[in-house]
Amino acid sequence: MTELLISEITLMQRGLCVIGLERSDGHFRSLRPIPPNSNAWKQFPYRRADKVAFDLSSSPGIAPHVEDRLSAKDRKSGSVTENELVDCLRKAETASSIKDLFGCRVHLSKRGGLAVYVDPSDAIRSICGCEIESISFSFRFYPEAIRAALALKSGETLDSLPVVDCEWREFAGDVAKQVGNQIEDCFDSFVKKQLLPSPIRFARIGIARPDREGLCWLMLDSLFPLPKKHWLKELK
Amino acid sequence: MDPQNEEILRIRKLVEECLRAALPAGTVMPGDDDDWIETELLDSMKLVDVLVSIETALSFPNLFDQTVAPPPTTIRATVEAIRKTYREPIERGIESAQTPQSFEKRGRYLVEIAGWGVALGSERITADQVEHEFGLPPGTLTKRAGIEVIRRVSTSENEVSLAQAAAETALQMAGFSAQRLDWIIGTSETLLGFPSLAASMHTKLLAPGTCRVLDVGGACVGLVNCLTVAKAFFGDDRVKCILVVSADVHSRMLVPGRVPGEFGGLFGDGASAFVLRRAEGAEDDKRYAILASIGGCAGTFSSALQVRLSSDGSIGLNFDGDALAHAAVDRIERVISDLETISGIGREKAGGFAIHQPNPRIVEIILHRTQMPPDKVPQVARSCGNLGSSTCGVALSMALDECTKKSRDERRPIFVASVGPGMLWGGTLLV
Chain A
-14 MTELLISEIT
-4 LMQRGLCVIG
6 LERSDGHFRS
16 LRPIPPNSNA
26 WKQFPYRRAD
36 KVAFDLSSSP
46 GIAPHVEDRL
56 SAKDRKSGSV
66 TENELVDCLR
76 KAETASSIKD
86 LFGCRVHLSK
96 RGGLAVYVDP
106 SDAIRSICGC
116 EIESISFSFR
126 FYPEAIRAAL
136 ALKSGETLDS
146 LPVVDCEWRE
156 FAGDVAKQVG
166 NQIEDCFDSF
176 VKKQLLPSPI
186 RFARIGIARP
196 DREGLCWLML
206 DSLFPLPKKH
216 WLKELK
Chain B
361 MDPQNEEILR
371 IRKLVEECLR
381 AALPAGTVMP
391 GDDDDWIETE
401 LLDSMKLVDV
411 LVSIETALSF
421 PNLFDQTVAP
431 PPTTIRATVE
441 AIRKTYREPI
451 ERGIESAQTP
461 QSFEKRGRYL
471 VEIAGWGVAL
481 GSERITADQV
491 EHEFGLPPGT
501 LTKRAGIEVI
511 RRVSTSENEV
521 SLAQAAAETA
531 LQMAGFSAQR
541 LDWIIGTSET
551 LLGFPSLAAS
561 MHTKLLAPGT
571 CRVLDVGGAC
581 VGLVNCLTVA
591 KAFFGDDRVK
601 CILVVSADVH
611 SRMLVPGRVP
621 GEFGGLFGDG
631 ASAFVLRRAE
641 GAEDDKRYAI
651 LASIGGCAGT
661 FSSALQVRLS
671 SDGSIGLNFD
681 GDALAHAAVD
691 RIERVISDLE
701 TISGIGREKA
711 GGFAIHQPNP
721 RIVEIILHRT
731 QMPPDKVPQV
741 ARSCGNLGSS
751 TCGVALSMAL
761 DECTKKSRDE
771 RRPIFVASVG
781 PGMLWGGTLL
791 V
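Structure below.
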């Protein structure tokens, strides 16, 4: 059995995608437990920061999703705090520049927006963490899409990352119920104020599986600190 | 057909064009009420792309923000959302008679280029001489970058003298005295002192005291930025004539010992100038006018080129030539296609392309990718080097020289596209 510290639960088109950290010699590496017969989980009974033991075996996953592992017999064995999770993420795959995120250059969408993609044959992995300087959210295409713009420490920006982090999407839904059309202003003022001073401000960027044109789009898989229920009360 | 139905058909056609561009070739167009997401025709990534490309086509950023409803996901809902928000008639292309009269009827104004001019450093330095100066292996600039000659200033020339020469040529062509200027808008990536380029030009040209001056940044996008700013200034009815000028003298800044030759060796010295005026009569139909301008900034590629002046006077340079080349090629291609979308004018109808030219090899890649005919792309970098903000200006002057040889009826549009550190981009379409 392999113990994974669950670091990402993201909402993808076909279900949930889960990533966990495997400890090895004081460092961590990301692995993506895949349920049998599917790339995505219909339901995932654990939460982020849970320690879950899996029976993992190598998967026929194609590069750059080299973290894929077929999984079975999952069982919770404990959990850590959010701060401890971010500590571990900082010891896993990290990069300080966009090029280093996936070991290759990114390309701007040719069709319209500011989303970026990688050529799957260039990328060496499909998940990576980074320290961020700043963030802003766009709800222009909500509820179909929430986009985030991140500024990295390198001074580079990722201007239109789809937010696929389940907790952030759920939180956005709750905020929308409360503030309606003011959701973007609310995120830009209140939520940003919670995020930016935090010592655990950290993001994990993932790349989606190749689309019909064979392009792998970058996404915001995780954003720390995670949203808190009590923020909703403070919003009132 | 009544005007309302005609309008709906025009909007629908535009929506379908943008949708088709995002779908794999041969995909059957969905019905009016088929939901693009539910039918899995589009995922959320592509939905955003389609809606943004519609906003681009209408030159109306954030159009779908105004609808105060979830984003449309069917053809019918998209057409309705546009109709509710977009109050102006959907008119695109040269077919819609972009004359001063037609613009005036819609309460708009047309800005035309009445004159243009160029000045290059008077010294011609062969690329192998430059390789020698910088201690570069033979072939670095000639074979790898494709540069033949670099134009450099003599000891008696500088940014202001080059700009003055270009401006005087432009004013003479326009038949205007400097006394008629309402604004001088300048850009330079090398003149960092004061008085600035625009102020220096005011003095050199003895422009009237009421002529205002402005310096605009953007490095290689500087000239395109100036044209955009100038066009906006014509929104003030009192403004009749603006001089736009660019000048760059790299040879005194990017010298051996201060920057690597692979970077410094690419650059030359030059200037360009354009006299812009508000089109006012039938006579003005003969001149090229600014139809559309676009621009933006993508910090994603900002680390590919960073130039800083340190406190000790040295130059801090971060230059990833490979990354910059790829990003520049992608972006110039997108500027051209966005201009096509906005105007409804395809690149195959163009008479010329004035594009930024980091080096001739990159131009070759751009030509290959965008399928621009080489004879319609004036080559500046090969025979002058990269002239910074003036590259686009010199290329545009050359394109205007060539295109204005033809009669007005045979004249074709000119696409202008540039990229600069940041990564900034800008584009202009002249018709």
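Listed in order, the protein sequences are those of chains A and B. Numbering of the first sequence is given in the numbering used here, commencing with residue -14 and proceeding in unit increments. Numbering of the second sequence is given in the numbering used here, commencing with residue 361 and proceeding in unit increments. Glycine included, each C-beta is placed from N, C-alpha and C at the ideal position. Computed from a prediction, not measured in an experiment: that's the story for all the values here.
List the residues of chain A that Asp403(B) touches, going by C-beta distances under 8 Å, in chain order.
The residue given as residue 403(B) occupies position 43 in the second sequence. What Asp403(B) touches in chain A: Gln(-2) and Asp196.
Have a look at Ala530(B) and Val776(B) and give me their C-alpha separation to the nearest angstrom.
Locating residue 530(B) in the second sequence gives position 170, counting from the first residue. Locating residue 776(B) in the second sequence gives position 416, counting from the first residue. Taking the straight line from one Cα to the other gives about 19 Å.
Per DSSP, what kind of secondary structure is Arg90(A) in: helix, strand or coil?
Translated into positions along the first sequence, residue 90(A) becomes position 105. Coil.
Check the Cβ-Cβ distances between Asn422(B) and every residue of chain A, and say whether any is below 8 Å.
For the purposes of this step, residue 422(B) is taken as residue 62 along the second sequence, with counting starting at 1. For Asn422(B), the answer is yes, since a Cβ of chain A falls inside 8 Å of its Cβ.
Using a Cβ-Cβ cut-off of 8 Å (strictly less than) and excluding sequence neighbours within five positions of Ala710(B), which residues of its own chain qualify?
On the second sequence, residue 710(B) is found 350 positions in, with the first residue counted as 1. Excluding positions up to five away in sequence, the list reads Met732, Lys736, Arg772, Pro773, Ile774 and Phe775.
Taking DSSP as the reference, what is the three-state secondary structure of Ile120(A)?
Position 135 of the first sequence, counted from the start, is the residue given in the question as residue 120(A). Strand.
Since Lys444(B) is in the alpha helix (DSSP H), which residue starts that stretch and which ends it?
Looking up residue 444(B) in the second sequence gives position 84. Its alpha helix (DSSP H) spans residues Ile435 to Thr445.
Name the two residues that bound the continuous alpha helix (DSSP H) containing Asn746(B).
By one-based count along the second sequence, residue 746(B) stands at place 386. Per DSSP, Asn746(B) belongs to no alpha helix (DSSP H) and is neither H nor E.
Ordered along the chain, which non-local residues of its own chain (more than five positions away) have a Cβ less than 8 Å from that of Arg436(B)?
Taking the first residue of the second sequence as 1, we reach residue 436(B) at position 76. Apart from sequence neighbours up to five positions away, the residues of its chain that approach Arg436(B) with a beta-carbon distance below 8 Å are Asp392 and Asp393, ordered along the chain.
Roughly how many angstroms lie between the CA atoms of Arg194(A) and Val103(A), to the nearest whole one?
Here the question's residue 194(A) lines up with position 209 in the first sequence. Here the question's residue 103(A) lines up with position 118 in the first sequence. Distance between the alpha carbons of Arg194(A) and Val103(A) is about 11 Å.
Chain A partners of Ile696(B), CB-CB under 8 Å?
Residue numbering aside, residue 696(B) sits at position 336 when the second sequence is read from its first letter. Those do not exist, as Ile696(B) stays about 11 Å from chain A at its closest Cβ, beyond 8 Å.
Does the beta carbon of Lys221(A) come closer than 8 Å to any beta carbon on chain B?
Position 236 of the first sequence, counted from the start, is the residue given in the question as residue 221(A). So no, Lys221(A) is outside the interface.
Assuming Ala48(A) and Pro105(A) form a contact by the criterion Cβ under 8 Å, report the distance between their Cβ atoms to the nearest whole angstrom.
Locating residue 48(A) in the first sequence gives position 63, where the first residue counts as 1. Locating residue 105(A) in the first sequence gives position 120, where the first residue counts as 1. Confirmed, about 7 Å.
Contact check, Ile654(B) vs Ala417(B) under 8 Å by CB: the rounded distance?
One-based indexing of the second sequence puts residue 654(B) at position 294. One-based indexing of the second sequence puts residue 417(B) at position 57. Wrong, their Cβ atoms sit about 11 Å apart, outside the cutoff.
Between the stretch 133 to 157 of chain A and chain B, which residues of the former have CB atoms less than 8 Å from a CB of the latter, in chain order?
Ala136, Ser139, Gly140, Glu141, Thr142, Leu143, Asp144, Ser145 and Pro147
Rounded to whole angstroms, how far is the Cβ of Glu69(A) from the Cβ of Arg17(A), which I believe are closer than 8 Å?
What you label residue 69(A) is simply residue 84 of the first sequence in a count that begins at 1. What you label residue 17(A) is simply residue 32 of the first sequence in a count that begins at 1. Contact flag wrong, Cβ pair sits at about 21 Å.
Which value, in whole angstroms, describes the spacing of the CA atoms of Cys801(B) and Phe209(A)?
No answer is possible for residue 801(B): the residues shown for chain B start at 361 and end at 791.
Could you tell me the alpha carbon to alpha carbon distance between Asn166(A) and Pro620(B), rounded to whole angstroms?
Within the first sequence, the letter at position 181 stands for residue 166(A). Within the second sequence, the letter at position 260 stands for residue 620(B). Asn166(A) and Pro620(B): Cα-Cα distance of roughly 52 Å.
Could you check whether Leu211(A) and Ala188(A) sit closer than 8 Å to each other, using their CB atoms as the reference points?
Within the first sequence, the letter at position 203 stands for residue 188(A). Within the first sequence, the letter at position 226 stands for residue 211(A). Not a contact, by the Cβ cut-off of 8 Å.
According to DSSP, is Phe593(B) part of a helix, a strand, or is it coil?
Reading the second sequence from its first residue, position 233 is the one you call residue 593(B). In this structure, Phe593(B) counts as helix in the three-state DSSP scheme.
For a contact meaning CB atoms closer than 9 Å, what does Gly88(A) contact in chain B?
Taking the first residue of the first sequence as 1, we reach residue 88(A) at position 103. Per Cβ cutoff of 9 Å: no residues; Gly88(A) is ~13 Å from chain B at best.
Mapping the DSSP letters down to three states, classify Ala685(B) as helix, strand or coil.
Here residue 685(B) is taken as the residue at index 325 of the second sequence, counted from 1. Note: Ala685(B) maps to helix in three-state DSSP.
With 8 Å set as the bound, which would you pick, yes or no: does the beta-carbon of Ala80(A) sit closer than that to a beta-carbon of chain B?
The count along the first sequence starts at 1 and reaches residue 80(A) at position 95. Answer no: the Cβ-Cβ gap between Ala80(A) and chain B never drops below 8 Å.
DSSP state of Phe156(A), grouped into three classes?
For the purposes of this step, residue 156(A) is identified with residue 171 of the first sequence, where counting begins at 1. Phe156(A) falls in the helix class under three-state DSSP.
How would you call Met(-14)(A), buried or exposed, if buried means at least 16 neighbouring beta carbons within 10 angstroms?
Along the first sequence, read from residue 1 onward, the residue named residue -14(A) stands at position 1. Exposed, because fewer than 16 other Cβ atoms sit within 10 Å of the Cβ of Met(-14)(A).
Is any beta-carbon of chain A found at less than 8 Å from that of Thr399(B)?
Within the second sequence, numbered from 1, the residue matching residue 399(B) stands at position 39. Output row for Thr399(B): interface = no.
Give me the Cα-Cα distance between Arg380(B) and Leu374(B), rounded to the nearest whole angstrom.
Against the second sequence, residue 380(B) aligns to sequence position 20. Against the second sequence, residue 374(B) aligns to sequence position 14. Using only the alpha carbons, I get a separation of about 10 Å.
Just the chain B side, please: which residues come within less than 9 Å of Ile168(A) by C-beta, in chain order?
As a working mapping, residue 168(A) is identified with position 183 in the first sequence. Chain-ordered listing is empty here: chain B has no CB closer than 9 Å to the CB of Ile168(A), the nearest sitting near 12 Å.
Which residues mark the beginning and the end of the alpha helix (DSSP H) in which Asp488(B) is found?
As a first step, residue 488(B) is located in the second sequence; it is residue number 128 there, counting from the start. Per DSSP, Asp488(B) belongs to the alpha helix (DSSP H) from Ala487 to Phe494.
Rounding to the nearest angstrom, what Cα-Cα distance links Ala607(B) and Gly475(B) in this structure?
As a working mapping, residue 607(B) is identified with position 247 in the second sequence. As a working mapping, residue 475(B) is identified with position 115 in the second sequence. Using only the alpha carbons, I get a separation of about 17 Å.
Alpha carbon to alpha carbon, how far is Gln364(B) from Arg443(B)?
Stepping through the second sequence from its first residue, residue 364(B) is reached at position 4. Stepping through the second sequence from its first residue, residue 443(B) is reached at position 83. About 10 Å.
Do Leu557(B) and Ser548(B) have their C-beta atoms closer together than 8 Å?
Within the second sequence, residue 557(B) is the residue found at index 197, counting from 1. Within the second sequence, residue 548(B) is the residue found at index 188, counting from 1. In contact: Leu557(B) and Ser548(B) (Cβ atoms closer than 8 Å).
Does Leu1(A) come within less than 8 Å of chain B when only Cβ atoms are used?
Position 16 of the first sequence, counted from the start, is the residue given in the question as residue 1(A). Chain B contact via Cβ: absent.
Quick one: give me the first and last residue of the alpha helix (DSSP H) that Leu531(B) is part of.
Here residue 531(B) corresponds to residue number 171 of the second sequence, with the count starting at 1. From DSSP, the alpha helix (DSSP H) with Leu531(B) extends over Glu519 to Ala534.
Whose CA, out of Val149(A), Arg8(A) and Ser94(A), lies closest to the CA of Lys36(A)?
Walking along the first sequence from the start, residue 36(A) turns up at place 51. Ranking the options by Cα distance to Lys36(A), first place goes to Arg8(A).
Is DSSP giving Thr788(B) helix, strand or coil here?
Start at 1 with the first residue of the second sequence, and residue 788(B) comes out as number 428. In the structure shown, Thr788(B) sits in a strand (DSSP, three-state: E or B).
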